[in-house]
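Novice: My questions will all concern the structure given below.
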Amino acid sequence: MITTVNLEFLPDQMRAMADAVVARCVEHIATAGAQPSCGDVDAAALCRAMREPAPEHGASLHAMLDHLFRDWVPRSFTTIGPGYLAYIPGGGLFPAALADFITDTTNRFTGIWQAAPALVQLEANALDWLREWMAFPPETRGLFTTGGSMATWNALLCARERHLGAEIRRGVLYTSDQAHHSVLKAAKLAGVMPDRVRAIASDDRFRLRIGPLDEAIAVDRRAGLTPFAVVSSAGTTNTGAVDPLDAIADLCAREHMWHHVDGAYGAFFYLCDEMRGVLRGLPRADSLTLDPHKGMFLPYGTGALLVRDGAALRAAHEASAPYLPAMPHPQDFYDPSQHGPELSRGFPGLRVWLTVKLYGSAAFREAVAEKRALAVDAARRVSALPGIVIDAPPDLSLFAFHLTWPGATLAEEDTATRLLMDKTTSKGRVMVTGCTAHGRYLGRVCVLSFRTHQPEIDALVEDLAASIREIRS
Ligand SMILES: Cc1ncc(COP(=O)(O)O)c(C=O)c1O
8 MITTVNLEFL PDQMRAMADA VVARCVEHIA TAGAQPSCGD VDAAALCRAM REPAPEHGAS
68 LHAMLDHLFR DWVPRSFTTI GPGYLAYIPG GGLFPAALAD FITDTTNRFT GIWQAAPALV
128 QLEANALDWL REWMAFPPET RGLFTTGGSM ATWNALLCAR ERHLGAEIRR GVLYTSDQAH
188 HSVLKAAKLA GVMPDRVRAI ASDDRFRLRI GPLDEAIAVD RRAGLTPFAV VSSAGTTNTG
248 AVDPLDAIAD LCAREHMWHH VDGAYGAFFY LCDEMRGVLR GLPRADSLTL DPHKGMFLPY
308 GTGALLVRDG AALRAAHEAS APYLPAMPHP QDFYDPSQHG PELSRGFPGL RVWLTVKLYG
368 SAAFREAVAE KRALAVDAAR RVSALPGIVI DAPPDLSLFA FHLTWPGATL AEEDTATRLL
428 MDKTTSKGRV MVTGCTAHGR YLGRVCVLSF RTHQPEIDAL VEDLAASIRE IRS
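Shown next, in the form of structure tokens:
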């Protein structure tokens with residue numbers, strides 16, 4: 008006699024559980040503006056105390072929700088807060104959580120087209136919308152990933168397959184000294200070791216310099232190596248710098264190299280007419296990393312890749328197996344597992360599809376334009392504060408600066424600027440972080456949360472001004 012194990016909940020139980028979760032989540036979002044901009048993350052002792060073996064028997068959902076929302080979620084950067092101006096914000100649009108709930112409860116298999124053709128079509132539609140937004144050609148194919156790092160990795164696989172074949176060790180990849188560290192990680196995952204990655208020194212506006220790039224390629228060719236790809240940035244994480252994308256596209260065409268653009272932070276600004284000049288050349292890229300969990304304000308876990316020649320993405324991932332459906336399907340249907348490394352996967356396209364359908368494209372265009380306008384306003388007002396030097400005005404919606412005074416040394420400026428970021432964040436209304444670029448510590452402000460509006464910029468300027476007064480006294 009086999010014992011029946013029932014893991015199913017009754018409909019009323021499911022409703023009660025979902026209601027309890029939704030109530031907590033909605034309360035959490037509704038109070039986002041009142042939460043401190045950065046929770047107390049000095050939590051090593053708490054984390055040690057949290058370690059426990061897997062429980063033998065189940066516990067109450069309510070007790071777990073209490074712990075989560077009362078004790079654990081608040082011990083974190085308040086990434087959903089309107090005052091989150093640190094790193095690269097996004098916010099986390101609520102409808103995406105509904106999409107995830109549908110994804111997880113229906114739990115359909117979207118790895119192969121035959122298993123859920125209509126759902127996979129929604130994902131294909133969402134990718135095609137991104138393609139249109141970025142002005143890529145119809146033969147482009149894409150992939151939803153868990154983030155920008157994974158998108159870049161897939162792009163470098165395509166570049167490697169296309170240009171190097173089995174000769175991986177000879178291949179050399181070029182990027183700027185301001186590139187996100189995920190580029191180096193992605194290269195390594197794609198089999199291109201750090202000694203085959205050249206970080207070209209950036210100019211005084213933190214942009215990749217064409218002359219030294221050209222020279223580095225020539226040097227490597229003379230040494231018998233195979234320059235095969237350039238990764239440029241459509242908005243760096245440090246200072247928001249946009250590399251000269253058009254000139255890099257020209258160079259790559261001339262040198263028969265792959266041009267990948269890391270648009271994890273900045274690509275969605277291409278939606279704004281006024282930003283198309285700064286981002287000129289973006290649609291000419293061979294591949295483009297997008298991060299809908301930044302510039303489309305979705306919750307973490309949504310990156311995307313576009314590859315201009317869709318055949319290159321398919322060639323990198325195409326595979327068959329005797330246990331998969333034998334029926335070939337028409338080539339005009341998208342098949343996620345033939346365009347990416349995963350077979351079983353969630354349904355990331357639903358987040359994007361549902362939010363775009365709910366809000367409409369115009370809402371995203373307008374929201375991104377608002378972030379740009381807020382950043383320009385913030386940079387203008389911050390530059391007028393005593394002792395502030397702007398090192399990088401906003402190319403998009405991120406700017407960087409440092410604090411100085413007559414006779415200050417670089418080390419003193421670094422310490423004071425670091426203190427300025429910490430003091431401003433500790434006031435609890437906005438969270439700001441810094442970075443080190445060109446040997447100097449820089450304060451930075453990145454406006455990209457959909458919840459950030461004019462009042463948060465006013466709070467930023469007031470709290471920076473108050474912190475400067477405290478530091479000076
Ligand atoms: C410019 C840039 N590129 C790549 C990444 C990596 O993206 P993800 O964290 O989604 O993997 C980031 C993340 O902040 C970024 O700002």
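Counting from 8, one number per residue, gives the positions in the sequence shown under the numbering used here. No residue lacks a Cβ here, since even glycine has one placed at the ideal position from N, Cα and C.
Just grab the DSSP bridge partners of Phe108 for me.
Specialist: Answer by DSSP bridge pairing: none, since Phe108 is not bridged.
Novice: Using the rule of at least 16 other Cβ atoms within 10 Å of the residue's Cβ for burial, across every protein chain shown, is Asn114 buried or exposed?
Specialist: Asn114 comes out exposed.
Novice: Is it the case that the CB of Tyr272 approaches a heavy atom of ligand 1 more closely than 7 Å?
Specialist: It does: the Cβ of Tyr272 is within 7 Å (strictly closer) of some heavy atom of ligand 1.
Novice: State the start and end residues of the unbroken beta strand (DSSP E) segment that holds Cys482.
Specialist: No answer is possible for residue 482: the residues shown for the chain start at 8 and end at 480.
Novice: Let me know the secondary structure DSSP gives Thr233 once reduced to three states.
Specialist: Thr233 falls in the strand class under three-state DSSP.
Novice: Across the segment 295–308 and the segment 266–278, are there enough close Cβ pairs to call them in contact, namely three or more that are closer than 8 Å?
Specialist: Cβ pair count under 8 Å is three or more, so yes.
Novice: Report the rounded CA-to-CA distance for Lys434 versus Leu427, giving the unit in angstroms.
Specialist: Distance between the alpha carbons of Lys434 and Leu427: 11 Å.
Novice: Does the count of Cβ pairs from the segment 358–370 and the segment 96–110 closer than 8 Å reach three?
Specialist: Touching, yes, given that three or more Cβ pairs across the two stretches are closer than 8 Å.
Novice: Spell out a yes or no on whether the segment 439–455 and the segment 397–416 are touching, meaning 3 or more CB-CB pairs, one atom from each, closer than 8 Å.
Specialist: Yes, since at least three Cβ pairs between the segment 439–455 and the segment 397–416 fall closer than 8 Å, the two stretches touch.
Novice: Between Leu410 and Gly247, how many whole angstroms is the CB-CB distance? I'm expecting something under 8 Å.
Specialist: Going by Cβ atoms, the distance from Leu410 to Gly247 rounds to 19 Å, so no, they are not a contact pair.
Novice: Taking 7 Å as the cut-off, is the CB of Asp555 close to at least one heavy atom of ligand 1?
Specialist: As shown, the chain starts at 8 and ends at 480. That puts residue 555 outside it, with no answer to give.
Novice: Would you mind reading off the limits of the beta strand (DSSP E) that contains Tyr181?
Specialist: Counting along the chain, the beta strand (DSSP E) containing Tyr181 begins and ends at 178–183.
Novice: Can you have a look at Pro343 and say buried or exposed, based on whether 16 or more other CB atoms are within 10 angstroms of its CB?
Specialist: Pro343 should be labelled buried.
Novice: Using the beta-carbon count (16 or more within 10 Å), is Trp265 buried or exposed?
Specialist: Buried.
Novice: Residue range of the beta strand (DSSP E) that Arg447 falls in?
Specialist: That run of the beta strand (DSSP E) goes 447–453.
Novice: Which term fits Gln461, buried or exposed, when burial requires 16 or more other beta carbons within 10 angstroms of its beta carbon?
Specialist: Answer is exposed; the Cβ neighbour count stays below 16.
Novice: To the nearest angstrom, how far is it from the Cα of Leu252 to the Cα of Ile87?
Specialist: Spanning the two alpha carbons is a distance of roughly 31 Å.
Novice: Pull up the distance between the alpha-carbon of Thr152 and that of Ala311, whole angstroms please.
Specialist: Distance between the alpha carbons of Thr152 and Ala311 is about 5 Å.
Novice: Please look up how many angstroms separate the CB atoms of Arg372 and Leu278, rounded, as I've assumed it's under 8 Å.
Specialist: Contact flag correct, Cβ pair sits at about 4 Å.
Novice: Give the secondary structure of Thr362 by DSSP, where H, G and I count as helix, E and B as strand, and everything else as coil.
Specialist: Residue state, collapsed to three classes: helix.
Novice: Rounded to the nearest angstrom, what separates Asp49 and Asp78 at their Cα positions?
Specialist: Taking the straight line from one Cα to the other gives about 13 Å.
Novice: Is Trp265 helix, strand or coil when you go by DSSP?
Specialist: In the structure shown, Trp265 sits in a strand (DSSP, three-state: E or B).
Novice: Helix or strand or just coil, what does DSSP make of Cys45?
Specialist: Reduced to three states, the DSSP call for Cys45 is strand.
Novice: Please report the distance separating the alpha-carbon of Arg229 from that of Leu381.
Specialist: Arg229 and Leu381: Cα-Cα distance of roughly 48 Å.
Novice: For Asp269, is the beta carbon positioned less than 7 Å from some heavy atom of ligand 1?
Specialist: It does: the Cβ of Asp269 is within 7 Å (strictly closer) of some heavy atom of ligand 1.
Novice: Glu168 and Ala322 look like a contact to me (Cβ under 8 Å); what is the Cβ gap, rounded to whole Å?
Specialist: Their Cβ separation, rounded to whole angstroms, is 6 Å, which keeps Glu168 and Ala322 in contact under 8 Å.
Novice: Return the residue from the list Asn132, Pro393, Asn161, Met438 that minimises the CA-CA distance to Pro413.
Specialist: That would be Pro393, whose Cα lies nearest to the Cα of Pro413.
Novice: Quick one, which of Thr431, Gly178, Phe354 has its alpha-carbon nearest Gly483's?
Specialist: Coverage of the chain is limited to positions 8 through 480, which leaves residue 483 absent and any answer about it impossible.
Novice: Are there 16 or more other CB atoms within 10 angstroms of the CB of Gln185, so buried, or fewer, so exposed?
Specialist: It is buried - the Cβ of Gln185 has at least 16 other Cβ atoms within 10 Å.
Novice: Among His263, Lys195, Asn245, Ser240, which residue has its Cα nearest to the Cα of Asp221?
Specialist: The option with the nearest alpha carbon to Asp221 is His263.
Novice: What separation, rounded to the nearest whole angstrom, lies between the Cα atoms of Glu146 and Ile464?
Specialist: Distance between the alpha carbons of Glu146 and Ile464 is about 42 Å.
Novice: May I have a chain-ordered list of the beta strand (DSSP E) segments no shorter than 3 residues that lie completely inside the segment 369–416?
Specialist: Runs of the beta strand (DSSP E) inside the segment 369–416: 395–399, 405–410.
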